[in-house]
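K.L.:
In the numbering used here, the protein residues as written are 134 to 314.
If you scroll down you'll find the structure; I have some questions about it.
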DNA sequence: TCATTGATTTCA
DNA sequence: GAAATCAATGAT
């Protein structure tokens, strides 16, 4: 797993492929409390704590976009964990997802909220995240990455939002994770 | 509870 | 080709 050896007293470090390659049901709640860092064209780096996520897991999960097979839009979800899956919905909003798991096992964690901007459409608008972020590699990109600050998050789980079309048993899976402390 | 808004998917 | 659908938000 990840080496705990640290240089100096700064505990913040960028998450590596070892983290993202794990199952989405581990990664999605583990992202809570971590820091989403986005670099603006101006060079300014914006950092926000992740407060809410949802898990989308594999071709059998009918709420997961990849359940309909590999398409131009879902291709990135079939890669190994650590890539960014961004898509446009309702004619207005970009959704930010983190690809997880091994190659050819399509999984992703939707970032539904960050501190100060609750809501998946609101956070992408606030951070100016759009389709140009599709396929960015969180382990090497110089404009988007996630940092671990060593914070041990507490959270609750609920049903996922906006996926009633998926039917049973997927609609009732407790795969939404909300930070509580 | 409804308008917004356009890419993606589904049905023909 | 056309029609329906949609990981949402904000105003009414």
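All residues carry an ideal CB built from backbone N, CA and C; glycine is no exception.
No experiment lies behind these values; they were computed from the predicted model shown.
Where does residue 281 sit, in a helix, a strand or coil, going by DSSP?
P.N.:
Residue 281: strand per DSSP, three-state reduction.
K.L.:
Rounded to whole angstroms, what is the Cα-Cα separation between residue 156 and residue 257?
P.N.:
Whole-angstrom Cα-Cα distance: 24 Å.
K.L.:
Going by DSSP in three states, residue 312 sits in which element: helix, strand or coil?
P.N.:
Looking at residue 312 - three-state DSSP - the assignment turns out to be strand.
K.L.:
Less than 8 Å separating the beta-carbons of residue 186 and residue 241?
P.N.:
Not a contact, by the Cβ cut-off of 8 Å.
K.L.:
Check residue 187 in the structure and name its three-state DSSP category.
P.N.:
In the structure shown, residue 187 sits in a strand (DSSP, three-state: E or B).
K.L.:
If you draw a straight line from the C-alpha of residue 238 to the C-alpha of residue 200, how long is it?
P.N.:
Using only the alpha carbons, I get a separation of about 11 Å.
K.L.:
Just curious, the beta strand (DSSP E) that residue 291 is in, first and last residue?
P.N.:
Taken as a continuous stretch (DSSP letters only), the beta strand (DSSP E) holding residue 291 covers 288 to 291.
K.L.:
Going by the CB atoms, is the gap between residue 166 and residue 183 shorter than 8 Å?
P.N.:
For residue 183 and residue 166, yes; Cβs fall inside 8 Å.
K.L.:
Starting from the Cα of residue 180, find the closest Cα among 159, 278 and 212 and give me that residue.
P.N.:
Considering only alpha carbons, the answer is 278.
K.L.:
Taking residue 232 as part of the beta strand (DSSP E), name the residues at either end of that continuous run.
P.N.:
226 to 233 is the extent of the beta strand (DSSP E) around residue 232.
K.L.:
When the Cα atoms are used, what is the spatial distance from residue 152 to residue 297?
P.N.:
So the two alpha carbons sit approximately 30 Å from each other.
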